[in-house]
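Comments concern the structure below.
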């Protein structure tokens with residue numbers, strides 16, 4: 549998988565997370581399933597978790 553494809557996965561993940569935060573969403577289960585698929589694919593390709601890569605380390 550190319551770096552551009554990984555970036556696309558990350559942007560899709562962030563976009564879906566924003567949609568999921570909105571209230572009164574009836575398709576939250578579908579969004580959660582899509583998030584799990586993206587996380588699994590990212591882990592399979594990189595060996596790292598998506599959540600840990602999105603967290604930025606605290607600067608001193």
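In the working numbering, the protein residues as written are 549 to 608. Virtual Cβ for every residue (Gly too), placed ideally from N, Cα, C.
Its chain contains 587, 590, 591 as the residues whose beta carbon lies nearer than 8 Å to that of residue 597, once the 5 sequence neighbours on both sides are disregarded; these appear in chain order.
With a contact defined as Cβ atoms closer than 8 Å, residue 579 and residue 566 miss out at about 10 Å. Within a 10 Å sphere around the beta-carbon of residue 577 sit fewer than 16 other beta-carbons, which makes this residue exposed. Setting aside the 5 residues that flank it on each side, residue 557 is surrounded in the same chain by 586, 590, each with a C-beta closer than 6 Å to its C-beta; the list follows chain order. Contact between residue 582 and residue 564 holds: CB atoms are separated by about 6 Å, below the 8 Å threshold.
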